[in-house]
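Here the structure is laid out as structure tokens; the discussion comes afterwards.
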Amino acid sequence: MPATVRIDMVSDTTCPWCAIALFNLLHALRSLEGEIQAKLHLQPLELHPSVKAAGEIRAQYLQQHQRPARAALQPCWADIRLHGLAIQLDMGPQEPRMLYNTLDAHRLLQWADNQGQDHQLVLAQQLVHGYFGQGANIADHQVLADAAMAAGLSREAALAYLAAGDDIQAVREAQSFYRGMGIQTVPTFIFNHRQLLRGNQAPEAFVRALRYIAAAGAPPSMV
456 MPATVRIDMV
466 SDTTCPWCAI
476 ALFNLLHALR
486 SLEGEIQAKL
496 HLQPLELHPS
506 VKAAGEIRAQ
516 YLQQHQRPAR
526 AALQPCWADI
536 RLHGLAIQLD
546 MGPQEPRMLY
556 NTLDAHRLLQ
566 WADNQGQDHQ
576 LVLAQQLVHG
586 YFGQGANIAD
596 HQVLADAAMA
606 AGLSREAALA
616 YLAAGDDIQA
626 VREAQSFYRG
636 MGIQTVPTFI
646 FNHRQLLRGN
656 QAPEAFVRAL
666 RYIAAAGAPP
676 SMV
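Going by our numbering, the sequence shown opens with residue 456, and the numbers climb by one from there.
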């Protein structure tokens, strides 16, 4: 029987390295089929919670809200694109011009997770392709509902959920919980509620980490 590992990926939907890390992880998991069975849950951490839902020009917002030293460390989009292409992920020819508020995207991801199967994972991939590949406004409820439908969920149910404002407090409390753990950067991976791995990792690094964690085992309540 394959070993079971729970993975909580703390991330944000407009973070390019989170998108690449997710696809790197999925590449690693495919290579471990029959050996390790992963239960992946995407968890919220807004990097820019003050961004307006209508969107703000990304370069201007980051310049205004980041310290000069951190702003200077913004990666070259060509490097990001090359990392994506190495795993057949097209991040688009250039950095998205607009930055959007991600609270509702996180809410919808949590809702999708509660629907079972792999709806949350497929929705996350739809949001990656929509935002990075097409520059879609992933704060717009119509855009989010379209992504939910593409992930096999009811478009009408997604719109109703978003309009009702359900789980806003739950998402904010989840973010507070992860920040309370000392998580300030994304992506961060938590394995079996115990081990942390920070930052984007190559597929080979995920394979090594997962094999190590699977060999260590975990109490049944943690998986």
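All residues carry an ideal CB built from backbone N, CA and C; glycine is no exception.
None of the values given here were measured: they were computed from a predicted structure.
_Proximity of H574 and L544 at Cβ, strictly below 7 Å_ = By 1-based counting over the sequence shown, the position of residue 574 is 119. By 1-based counting over the sequence shown, the position of residue 544 is 89. Against a cut-off of 7 Å, the Cβ pair of L544 and H574 comes out as no contact.
*What residues match up with H496 in a beta bridge as DSSP calls it?*
Here residue 496 refers to the residue found at position 41 of the sequence shown. Its beta-bridge partners are D463.
*May I ask you to report which of helix, strand or coil DSSP gives R485?*
To locate residue 485, count along the sequence shown from 1; it is residue 30. DSSP places R485 in helix when its eight states are reduced to three.
*From what residue to what residue does the alpha helix (DSSP H) around Q518 run?*
Start at 1 with the first residue of the sequence shown, and residue 518 comes out as number 63. Taken as a continuous stretch (DSSP letters only), the alpha helix (DSSP H) holding Q518 covers R513 to H520.
*asked:* So, with DSSP's three-state summary, where would you put A458?
replied: For the purposes of this step, residue 458 is taken as the residue at position 3 of the sequence shown. Note: A458 maps to strand in three-state DSSP.
_Alpha-carbon to alpha-carbon, T557 and A527_ = Numbered from 1 along the sequence shown, position 72 holds the residue referred to as residue 527. Numbered from 1 along the sequence shown, position 102 holds the residue referred to as residue 557. Here the model assigns A527 a pLDDT of 48, short of 50, so the residue's position is not dependable and the matter cannot be decided.
*Specify whether the stretch 541-555 and the stretch 456-464 touch according to this definition: at least 3 beta carbon pairs, one from each stretch, less than 8 Å apart.*
no
*Taking just the CA atoms, how far does L500 sit from L651?*
Along the sequence shown, read from residue 1 onward, the residue named residue 651 stands at position 196. Along the sequence shown, read from residue 1 onward, the residue named residue 500 stands at position 45. L651 and L500: Cα-Cα distance of roughly 15 Å.
*asked:* Quick check on DSSP: helix, strand or coil for L614?
replied: Along the sequence shown, read from residue 1 onward, the residue named residue 614 stands at position 159. Helix at L614.
*Between A524 and E511, what straight-line distance do the alpha-carbon atoms span, to the nearest angstrom?*
Locating residue 524 in the sequence shown gives position 69, where the first residue counts as 1. Locating residue 511 in the sequence shown gives position 56, where the first residue counts as 1. Any reading at A524 must be qualified, since the residue scores a pLDDT of 47, below 50, and its modelled position is unreliable; the value itself is stated next. Rounded to whole angstroms, A524 to E511 spans 21 Å at the Cα level.
*Top-ranked residue by Cα proximity to L495, from H538, Q565, P504 and A625*: Start at 1 with the first residue of the sequence shown, and residue 495 comes out as number 40. Checking every option, the nearest Cα to that of L495 belongs to Q565.
_Residues in the same chain with beta-carbon distance under 8 Å from M604, minus the five sequence neighbours each way, listed in chain order, please._
Taking the sequence shown and counting its residues from 1, one reaches residue 604 at position 149. R610 and A613, listed in sequence order.
*Quick one: what's got a C-beta closer than 8 Å to G635's C-beta in the same chain, skipping five residues either side?*
Numbered from its first residue, the sequence shown carries residue 635 at position 180. Around G635: no qualifying Cβ.
*With C-beta atoms as the reference, is R513 less than 7 Å away from L578?*
Your numbering for residue 513 matches position 58 in the sequence shown. Your numbering for residue 578 matches position 123 in the sequence shown. Against a cut-off of 7 Å, the Cβ pair of L578 and R513 comes out as no contact.
*asked:* So, at 6 Å on beta carbons, what are the nonlocal neighbours of A561 in its own chain, with the 5 sequence-adjacent residues on each side left out?
replied: As a first step, residue 561 is located in the sequence shown; it is residue number 106 there, counting from the start. For clarity, residue 561 is His in the given sequence; the question names Ala instead. For H561, where only same-chain residues beyond five positions count, the Cβ hits under 6 Å are P499 and V626.
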